[in-house]
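Participant: I am attaching a structure below and will ask some questions about it afterwards.
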Amino acid sequence: MAQAPELDPNDPTTQPQPNGGWSEGLDTLTGAIVVPPEVSGFTQEAGVLYSDGRYCPQGALWRRYRPLTTEPPMPESVSETLSGRWLWGGVLWAHFGHFLVESTARLWALDHIEGPIDGVLFIPKRPRVGDQIRGFQRDFIDLMRPDLPIHVATAPTRVEELIVPGQGFGLGPITQGTQKFRDAIHAGFGKSVEPDGPSKIYISRSALGLGKGGMLGEERLEDLLRAEGYDVFHPEKYNLETQLARYKAATHVIAADGSALHLYAMVGRPDQKVAMILRRKAGATNLLAKNVAHFCRCNPMVIDALYTEWVRGEGGKSNRLSFGELDHAVIGRGLAMGGFVRPDVDWPRATDEERAQMFRDKGLDQAGDFVESEEYQKRRRRIMRQERRARRAARDDAAADQTSEIKAS
């Protein structure tokens, strides 16, 4: 079978690579033309053009194996002008997780630019958002470089001088970050924040609404972890500085997989113990574990304890809106094995009545078309058959031992 050709990491028309190449390069454009998207969409014609209209592929946002921003046509007119020297920030996401992973991907260049700059230049992901800058976006930049101006281009804009760094972070192979990106985050991000908080925390998603996805049985898990000395932390209720202070102070961190772990990874250390509890079956969870491993220089414990998964519609697939239903017995055994809780914990699996109540408490009985994943139904039936066979084999072994004892006597 023929092997796929090896990608050239220096070719900016191929996906960015964590081991360098164009993802760690810097290009300076004079009179660059920045073109924001005109319509919302997963992929959009938007990005950076040279002064003569040629496309600058180094400015594209890549996710996994394809760019989400593609070459835009030369605008008929360029109505805006931005004087000064600006750093290209790329696409400004309103979604917290995508902002952390994709809108920060070029900030590594702040440590590699000679001389002052006038700020960071973004384009909006959604045109309807306009030039709005959310509080957490402003706070993140301040924690990286205080008081650095942010400009969001909502119309074609000619920039006097634009520095275009390669994409040093994102989703795909680049999730582990380039060395330059990790070094910049470790050297500068949140350095003024002192550790403050309990030594054991559980980063919860239970306070998020149905539109954010979640876990059935998470509130019960919180009670079990409180009994083990854990503080339950809902990060969306606190500013970024408080979140970083909690993450820095903790020696033991357990978290439902999600955006909060991307932020934790930016300040996490090798001496901290980290466990990630899966809430869905999706490729994003593997990327998240790699993100934590490479940034924190440690291997997080990943616990797959999904009893089942609830997805949208018949034949629906696992995604960020899915609900994973937890098997507390499996979680307890995993955490005990990893040294997060007492070695003798014995957490029971929820009964059918308790499962039904959790479903009602979460409001899923009123949420429309959530159905149980067919894959997990098959998996559960297979596990039940295995357990029945194991019990039957144990009974047969016990009966055989008893027969042997009778004969011996």
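Count the sequence shown with my numbering and you get residues 3 to 411, in order. Cβ atoms here follow ideal geometry from the backbone N, Cα and C, with glycine treated the same way. On a predicted model such as this, the values are computed, not experimentally measured, just so you know.
Looking at the strands, I want to know which residues DSSP matches up with Thr83.
Facilitator: The partner list for Thr83 (beta bridge, DSSP) reads Arg160.
Participant: Is Asp149 helix, strand or coil when you go by DSSP?
Facilitator: Asp149 falls in the coil class under three-state DSSP.
Participant: Below 8 Å on the Cβ atoms is my contact criterion, and I expect Leu103 with Ile35 to pass it. Report the Cβ-Cβ distance as a whole number of Å.
Facilitator: It is Val, not Leu, that sits at residue 103 in the sequence shown. Their Cβ separation, rounded to whole angstroms, is 27 Å, which puts Val103 and Ile35 out of contact at 8 Å.
Participant: Enumerate in chain order the residues of its own chain whose CB-to-CB distance from Tyr249 is below 6 Å, with the five nearest sequence positions on each side excluded.
Facilitator: So the list reads Tyr266, Val269, once near-sequence residues are dropped.
Participant: So what does DSSP say about Lys275, is it helix, strand or coil?
Facilitator: Correct three-state label for Lys275: strand.
Participant: Distance check for Ala277 and Ala395, CA to CA, integer angstroms please.
Facilitator: Rounded to whole angstroms, Ala395 to Ala277 spans 34 Å at the Cα level.
Participant: If contact is defined by three or more beta carbon pairs under 8 Å, each pair taking one atom from either stretch, is the segment 57–73 in contact with the segment 137–154?
Facilitator: Short answer: they don't touch.
Participant: Throw me the rounded Cβ distance for the Gly168 and Glu26 pair, which I believe falls under 8 Å.
Facilitator: Going by Cβ atoms, the distance from Gly168 to Glu26 rounds to 6 Å, so yes, they are a contact pair.
Participant: With DSSP as the reference, please indicate the residues paired to Phe361 in a beta bridge.
Facilitator: Phe361 is not bridged to any residue.
Participant: Helix, strand or coil, according to DSSP, for Leu28 in the structure here?
Facilitator: Residue state, collapsed to three classes: strand.
Participant: By DSSP's criteria, Met303 is part of a beta bridge. Which residues make up the other side?
Facilitator: Note: Met303 sits in a beta bridge opposite Ala277.
Participant: Which partner residues of Met339 appear in the DSSP bridge assignment?
Facilitator: Paired residues: none, contrary to the question.
Participant: Inspect the CB distances between the segment 70–88 and the segment 152–160 and report whether three or more fall short of 8 Å.
Facilitator: Touching, yes, given that three or more Cβ pairs across the two stretches are closer than 8 Å.
Participant: Under 8 Å by Cβ, that's how I've got Val122 and Gly91 pegged, so tell me the actual separation to the nearest angstrom.
Facilitator: So it is a contact: roughly 4 Å between Cβ atoms.
Participant: Rounded to whole angstroms, how far is the Cβ of Pro197 from the Cβ of Asp233, which I believe are closer than 8 Å?
Facilitator: Not quite, the Cβ-Cβ distance comes to about 14 Å (not below 8 Å), so this is no contact.
Participant: Return the residue from the list Thr244, Glu311, Leu210 that minimises the CA-CA distance to Ser375.
Facilitator: Cα-wise, what sits closest to Ser375 is Glu311.
Participant: For the beta strand (DSSP E) that contains Leu9, what are its first and last residues?
Facilitator: It is not in any beta strand (DSSP E) - Leu9 carries neither H nor E in the DSSP assignment.
Participant: Reducing DSSP to helix, strand and coil, say where Asp198 ends up.
Facilitator: Correct three-state label for Asp198: coil.
Participant: With DSSP as the reference, please indicate the residues paired to Phe235 in a beta bridge.
Facilitator: Its beta-bridge partners are Ile205.
Participant: How long is the line joining the alpha carbons of Leu51 and Pro129, rounded to whole angstroms?
Facilitator: Each residue's alpha carbon lies about 19 Å from the other.
Participant: Take the Cβ of Val294 as the centre, count every other Cβ of all protein chains shown within 10 Å, and call the residue buried at 16 or more, exposed below.
Facilitator: Label assigned to Val294: buried.
Participant: Among the candidates Val37, Met303, Leu280, whose CA atom is the shortest distance from the CA of Gln274?
Facilitator: Nearest of Val37, Met303, Leu280 to Gln274, Cα basis: Met303.
Participant: What residues are listed by DSSP as bridge partners for Glu374?
Facilitator: Trp312.
Participant: Of the residues Phe235, Arg108, Asp346, which one's Cα is nearest the Cα of Leu210?
Facilitator: The residue with the shortest Cα to Cα distance from Leu210 is Phe235.
Participant: Count the other CB atoms, across all protein chains shown, that sit within 10 Å of the CB of Ser194; report buried if there are 16 or more and exposed otherwise.
Facilitator: Counting Cβ neighbours within 10 Å, Ser194 comes out exposed, since fewer than 16 surround it.
Participant: Using the C-alpha atoms, what's the distance from Asp348 back to Phe183?
Facilitator: Approximately 42 Å, taken between the alpha carbons.
Participant: Can you tell me whether Gly219 is buried or exposed, with buried defined as 16 or more other CB within 10 angstroms of its CB?
Facilitator: Flag for Gly219 reads buried.
Participant: Have a look at Thr71 and Glu163 and give me their C-alpha separation to the nearest angstrom.
Facilitator: Between Thr71 and Glu163, the C-alpha separation is close to 21 Å.
Participant: Is Ala358 buried or exposed, if buried means 16 or more other CB atoms sit within 10 Å of its CB?
Facilitator: When all chains shown are included, Ala358 counts as exposed.
Participant: Compute the Euclidean distance between the alpha carbons of Leu109 and Val93, then round it to the nearest angstrom.
Facilitator: Straight-line Cα distance between these residues: approximately 12 Å.
Participant: Which residues mark the beginning and the end of the beta strand (DSSP E) in which Ile256 is found?
Facilitator: Counting along the chain, the beta strand (DSSP E) containing Ile256 begins and ends at 254–258.
Participant: Using the Cβ count rule (16 or more neighbours within 10 Å means buried), how would you classify Leu189?
Facilitator: Here residue 189 turns out to be Ala, not Leu, going by the sequence shown. Looking at its Cβ environment, which holds fewer than 16 other Cβ atoms inside 10 Å, Ala189 is exposed.
Participant: Taking the alpha-carbon positions, what's the Gly86 to Ile119 distance?
Facilitator: When rounded, the distance between both Cα atoms is 8 Å.
Participant: Of the residues Arg136, Pro175, Leu112, which one's Cα is nearest the Cα of His21?
Facilitator: His is not the amino acid found at residue 21; the sequence shown has Asn there. Measuring from the Cα of Asn21, the nearest candidate turns out to be Pro175.
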